[in-house]
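Undergrad:
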Amino acid sequence: MNISGYIKESIVDGQGLRAVVFFSGCYHNCFGCHSPQTHDKNYGEEFTESKQQEIIEDIKSNPLLSGLTLSGGDCFFSAKEVIKFVIKLKNEIPDINIWVYTGFTIEQLMGKKDNKYKLLEMCDVLVDGKFEIGLRDTTIKFAGSRNQRILDVKESLECGKAILLSLDK
Amino acid sequence: MNNRQGMADTQVTKRDGILSEYNPNKITEAIVKAMRMTEVGIDKELAEKITLKVTQQVEKSKNTYSVEQIQDLIEKDLMMSSRKDVAKEYITYRQKRTEERLKQSELFKIGEGIISGDNEEVTKENANLNGESYSGKMNRFGSEYSKMYARNVMLPKRLVKAIDEGYIHVHDLDHYAVGTHNCIFIPFDKLLADGFQVSDKGSVRTPNSIMTAMAQVAIIFQCQQNSQYGGCGASKFDWDLAPYVTKSFVKHFKKGQMYFGETFVTVDIEELNVDNTDLLKVFPKSYTYALEETRLETKQAAESMIHNLNTMASRAGGQVPFTSITFGLCTSTEGRMISEAILNASMNGLGHSETAIFPQLIFQCKQGVNQNLGEPNYDIFIKAIECSSKRLFPNFVNVDADFNLQYYDPTKPDTSIATMGCRTRVISNRFGEVYQSGRGNISFNSINLTKLGIENGVVNGRTEVDVNGFWSKLDEILDITLDGLLHRFDIQGNQPAKASDFMMQNGSWIDGEKLHPNQKIKDLLRMGSVSIGFVGLAECLKALFGKHHGEDQNVWYFGQELIGYIRDYCDKKSDEYDMNVTCFASPAESLAGKFVRMLQKQYGKIEGVTDREYLTNSFHIPVYYEIAAHKKIDLEAPFHKLTNAGHISYVELDGNARNNLEAFKNIVQYALSKNIGYFSINHPVDKCMSCYYDGVINKECPACGENSEEKISKIRRVTGYLTGNVNNFNSAKRAEERDRVRHT
Chain A
11 MNISGYIKES
21 IVDGQGLRAV
31 VFFSGCYHNC
41 FGCHSPQTHD
51 KNYGEEFTES
61 KQQEIIEDIK
71 SNPLLSGLTL
81 SGGDCFFSAK
91 EVIKFVIKLK
101 NEIPDINIWV
111 YTGFTIEQLM
121 GKKDNKYKLL
131 EMCDVLVDGK
141 FEIGLRDTTI
151 KFAGSRNQRI
161 LDVKESLECG
171 KAILLSLDK
Chain B
8 MNNRQGMADT
18 QVTKRDGILS
28 EYNPNKITEA
38 IVKAMRMTEV
48 GIDKELAEKI
58 TLKVTQQVEK
68 SKNTYSVEQI
78 QDLIEKDLMM
88 SSRKDVAKEY
98 ITYRQKRTEE
108 RLKQSELFKI
118 GEGIISGDNE
128 EVTKENANLN
138 GESYSGKMNR
148 FGSEYSKMYA
158 RNVMLPKRLV
168 KAIDEGYIHV
178 HDLDHYAVGT
188 HNCIFIPFDK
198 LLADGFQVSD
208 KGSVRTPNSI
218 MTAMAQVAII
228 FQCQQNSQYG
238 GCGASKFDWD
248 LAPYVTKSFV
258 KHFKKGQMYF
268 GETFVTVDIE
278 ELNVDNTDLL
288 KVFPKSYTYA
298 LEETRLETKQ
308 AAESMIHNLN
318 TMASRAGGQV
328 PFTSITFGLC
338 TSTEGRMISE
348 AILNASMNGL
358 GHSETAIFPQ
368 LIFQCKQGVN
378 QNLGEPNYDI
388 FIKAIECSSK
398 RLFPNFVNVD
408 ADFNLQYYDP
418 TKPDTSIATM
428 GCRTRVISNR
438 FGEVYQSGRG
448 NISFNSINLT
458 KLGIENGVVN
468 GRTEVDVNGF
478 WSKLDEILDI
488 TLDGLLHRFD
498 IQGNQPAKAS
508 DFMMQNGSWI
518 DGEKLHPNQK
528 IKDLLRMGSV
538 SIGFVGLAEC
548 LKALFGKHHG
558 EDQNVWYFGQ
568 ELIGYIRDYC
578 DKKSDEYDMN
588 VTCFASPAES
598 LAGKFVRMLQ
608 KQYGKIEGVT
618 DREYLTNSFH
628 IPVYYEIAAH
638 KKIDLEAPFH
648 KLTNAGHISY
658 VELDGNARNN
668 LEAFKNIVQY
678 ALSKNIGYFS
688 INHPVDKCMS
698 CYYDGVINKE
708 CPACGENSEE
718 KISKIRRVTG
728 YLTGNVNNFN
738 SAKRAEERDR
748 VRHT
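Below is the structure:
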């Protein structure tokens, strides 16, 4: 599995200061995507053990972080491998807050109990939906187009339907 | 030239290139003049003999002699005569004249640069001054002459040498000769309560409403600004203005009683205040009306004050006054109304909701008052965070930092640390009581640490650092720097009270009103501070050790030892001279570029030291160095404690900070927890002037596609203050801004 990038501290990929890992590989092919180079799953560098460990150490030693964001690409296309990384991460930082960006909708991910579902379960917040250039809006927080939703994963799974995250809490 | 009268008389070429008739008498006169200066005296015969000799030579030549060539002949003949003493006088006289001419031509060149607007270092020396406007140019003319005068006539020679060699910078040199002082916290409580005089033009009474009080604040700032050259601030604005909110409430309440017929009892004036809940019970309509009207008036008052402070171009050269407002600890309903009103007004911005550059807002952070949920002013702190995420300020000053907390007395608002927008602070005072309003910094000089580093470091081809050489040179430079400050203080202190009329007449400077207009201000001015500042610690360390303090822990320790040494020197000299001598993490807007240009001339471009267009500000980790936000805070924190004249640390955010208050707040509170004294977050504040889109704009406006540079306003911070637009930055600051690595 490759990653196309890693940012130690970001303020635009979710609430609070967050580390971000961009996983390579995405087949949604949204028109107007701002990082089309990441669609190729061979793009970027290999997500090696040592790279994973380095990221975990960074997060552990940074008192300012509110958590980690999984972005891409779309990490649900490599759910099986991403899960392994998240398990490792949670072993060392059990209460880590995880946001994940995807082109799938939460309804699609909740559909059947496969690896996608398992990965979803491990996250706290899901920003879902494809980027729709016609619905592009520069004023909304943490998303690119108006169809995309910021969802509370635990609540949504519990209720069996999409529940929006209240950002102001 | 066609000369119809045939052969002209012998001619000489004057310095301006014009031909003039040769006059032998002038030569005799010049020689006699030189003779007059000698002990032996005048020998007319010899003078005429030399004149004749020179004349013969000039006349027989086919070429036209220049004035300089003729003078060379005179000099040679004098040297060969018996009167070597005359020759000496003559040569000295000639040299002096040459120097003067050179100076005049220097002045001429400066003038040319100002008029044409070509000399960017002159026209853009100050990012908030329009050097291309008429008044800006007038100001530069005065300022450049004044600088030259100070340099050539007044400054200690040792200081001039150190300036020329690039060791020291004397800030605001243009004010040296006339004796102006730097900055002040204005005691607004006093000036508003007592009323104030504007020279002999008239007096202003104490205001009876918050609207009038805020209008007077703008007037006071404006008048005070002309008594000084640096910033003017309010150290406890919420406390100072709260009484006028009460006055407005009383006014509206009484009006309400009339309107609503609630006049059945008269209420004692002491009972009439916002927090008296009995009023609501007995006079429900009047109270509700008065509260609403007071809120509205306070809001409008703050809006109008902010507009005034950004539009009154009353300061030298068409600048608005450099104003700073510190606030945040007053928990009375009235004080909170003031804080909310100025934050709301700043968030709303000016006419087209542009970011107001002034007043620079500074929010005081204090545990138990405004730092945690449940504390009385926590909501105002959150609003301050929101405002800062939109407008780059407030900056945050840390009352809980141990070096500030020691002065804090909750019963005395003026003991909570405040700063000028640029970072200057005065809280410690060797002359007794702790207070800030009524005094300020008198002047400061900055040391080019990088130069000391290059001279003694491994970078200069050495195999080993010359630590002893470094410390002994530093000692020498510290002495020269302090000498300069004391020399300047002497000039400043010997000014009569009338020179800074508004300031002394009204007691903006403490006890000024007690002085006779002709009385010297020395003993009062002493209450302020003189400060030794520094620039380029990072490059100094890089030059010394090959690494800066962000790259190596031992180097970081050495950096602290170095700044600690300067601080100890200041403390020692405070005792020796009975002055408040303090150590300053200098703001260095144009200096950062000026120093590095001098160093490049002297040493060339040294990698990591002089290869950029600026030196790193004070003790900062270089802006181009990649480092996590928390690490930058950790590394810079210890330097805050050492720099008691003022300091600031920044973290750079990339992206639209206003969308992520959680991140913003966490970073601020982390910095506070690390004993950082004064802190702020830099982030892009861009605005499209075509569609008024607010947010981050890279090449083009994401909302309307506008891509013309003139149509996109980019507000950034320099020195602690904001500046209108990056386009007004000088080249060094533009380069520094470009290189800033976002820590996120």
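Protein sequence lines correspond, in order, to chains A and B.
To convert a position in the first sequence, counted from 1, into our numbering, add 10.
To convert a position in the second sequence, counted from 1, into our numbering, add 7.
Every residue, glycine too, gets a C-beta built ideally from N, C-alpha and C.
Just so you know, these numbers come straight off a predicted model, no measurement behind them.
In its own chain, which residues sit with a C-beta less than 7 Å from the C-beta of residue 214 of chain B, not counting the 5 before and 5 after it?
TA: 199, 220, 223, 251
Undergrad: Going by DSSP, what residues sit across from residue 13 of chain A in a beta bridge?
TA: A/33, A/55
Undergrad: Kindly provide the ranges of any beta strand (DSSP E) runs that are 3 or more residues long and lie completely inside the stretch 207–272 of chain B, ordered along the chain.
TA: Within the stretch 207–272 of chain B, the complete beta strand (DSSP E) runs of at least 3 residues are 209–211, 239–241.
Undergrad: Look up residue 637 of chain B in the DSSP assignment and say whether it is helix, strand or coil.
TA: The answer is helix: DSSP assigns residue 637 of chain B an H, G or I state.
Undergrad: Report the three-state DSSP secondary structure of residue 645 of chain B (helix, strand or coil).
TA: helix
Undergrad: For residue 591 of chain B, which option in B/70, B/655, B/545, B/510 has the closest C-alpha, if you only look at C-alpha atoms?
TA: Nearest C-alpha to residue 591 of chain B among B/70, B/655, B/545, B/510: B/655.
Undergrad: Helix, strand or coil, according to DSSP, for residue 330 of chain B in the structure here?
TA: strand
Undergrad: In this structure, how does DSSP classify residue 590 of chain B when only helix, strand and coil are distinguished?
TA: strand
Undergrad: Does any CB atom of chain A fall closer than 8 Å to the CB of residue 434 of chain B?
TA: It does not: the Cβ of residue 434 of chain B has no partner Cβ on chain A nearer than 8 Å.
Undergrad: For the candidate residues B/648, B/647, B/650, B/627, whose alpha-carbon lies nearest to that of residue 639 of chain B?
TA: B/627
Undergrad: Decide if the stretch 65–82 of chain A is in contact with the stretch 107–117 of chain A; the criterion is three or more beta carbon pairs, one per stretch, under 8 Å apart.
TA: With a cut-off of 8 Å, the stretch 107–117 of chain A and the stretch 65–82 of chain A count as touching, because enough Cβ pairs lie within range.
Undergrad: In three-state terms, what does DSSP make of residue 179 of chain A?
TA: Note that residue 179 of chain A has pLDDT 45, beneath the 50 cutoff, so the model's placement of it is unreliable and the number below is only indicative. If DSSP states are grouped into helix, strand and coil, residue 179 of chain A belongs with coil.
Undergrad: Between which two residues does the alpha helix (DSSP H) holding residue 317 of chain B run?
TA: Run containing residue 317 of chain B: 291–318, per the alpha helix (DSSP H) assignment.
Undergrad: Taking C-alpha atoms, which residue in B/365, B/547, B/97 lies nearest to residue 465 of chain B?
TA: The shortest Cα separation from residue 465 of chain B among B/365, B/547, B/97 belongs to B/547.
Undergrad: In terms of residues, what are the limits of the beta strand (DSSP E) holding residue 8 of chain A?
TA: Because residue 8 of chain A is not part of the residues shown, which for chain A are 11 to 179, the question remains open.
Undergrad: Using Cβ-Cβ distances below 7 Å, what residues of the stretch 258–274 of chain B are close to chain A?
TA: none
Undergrad: Since residue 76 of chain A meets chain B, which of its residues come closer than 9 Å, beta carbon to beta carbon?
TA: 669, 670, 673
Undergrad: Please go through the same chain and pick out, in chain order, the residues whose beta-carbon is closer than 6 Å to the beta-carbon of residue 25 of chain A, but skip the five residues on each side of it.
TA: none
Undergrad: Assess, as a yes-or-no matter, whether the stretch 45–63 of chain B is touched by the stretch 166–176 of chain A under the definition of 3 or more beta carbon pairs within less than 8 Å.
TA: no
Undergrad: Could you check whether the Cβ of residue 355 of chain B sits closer than 8 Å to any Cβ belonging to chain A?
TA: no
Undergrad: Determine the extent of the beta strand (DSSP E) in which residue 110 of chain A is found, giving its start and end residues.
TA: 108–111
Undergrad: Is any beta-carbon of chain A found at less than 8 Å from that of residue 535 of chain B?
TA: no
Undergrad: Please determine if the stretch 670–679 of chain B and the stretch 707–718 of chain B are in contact, where contact requires at least 3 C-beta pairs separated by less than 8 Å.
TA: no
Undergrad: Between the Cα of residue 665 of chain B and the Cα atoms of B/441, B/352, B/701, B/425, which residue gives the shortest distance?
TA: Answer by Cα proximity: B/701.
Undergrad: Are residue 557 of chain B and residue 642 of chain B touching if we call contact CB-CB under 8 Å?
TA: Yes.
Undergrad: Looking at the unbroken beta strand (DSSP E) that takes in residue 371 of chain B, where does it start and where does it end?
TA: 367–372
Undergrad: Counting only beta-carbon separations shorter than 8 Å, does residue 26 of chain A have a partner in chain B?
TA: yes
Undergrad: Residue 456 of chain B and residue 571 of chain B - do their beta-carbons sit closer together than 8 Å?
TA: no
Undergrad: Between residue 689 of chain B and chain A, is the shortest Cβ-Cβ distance under 8 Å, so that the two count as touching?
TA: no
Undergrad: Can you tell me which of the three DSSP states residue 143 of chain B falls into?
TA: helix
Undergrad: Pick helix, strand or coil for residue 555 of chain B, following the three-state DSSP scheme.
TA: DSSP, read as helix, strand or coil, puts residue 555 of chain B in coil.
Undergrad: From the DSSP secondary-structure annotation, give me the bridge partner or partners of residue 204 of chain B.
TA: Its beta-bridge partners are B/210.
Undergrad: I'd like to know whether the C-beta of residue 751 of chain B is nearer than 8 Å to at least one C-beta of chain A.
TA: Per-residue confidence for residue 751 of chain B stands at a pLDDT of 46, beneath the threshold of 50, marking its modelled position as unreliable; no derived number is given.
Undergrad: Cutting at 7 Å between CB atoms, please list the residues of its own chain near residue 314 of chain B, excluding the five before and the five after it.
TA: Here the set comprises 357.
Undergrad: Can you name, in chain order, every residue of its own chain whose Cβ lies under 6 Å from the Cβ of residue 169 of chain A, other than the five neighbours on each side?
TA: none
Undergrad: For the stretch 606–617 of chain B against the stretch 498–508 of chain B, do three or more pairs of beta-carbon atoms, one drawn from each stretch, fall closer than 8 Å, so that the two count as touching?
TA: no
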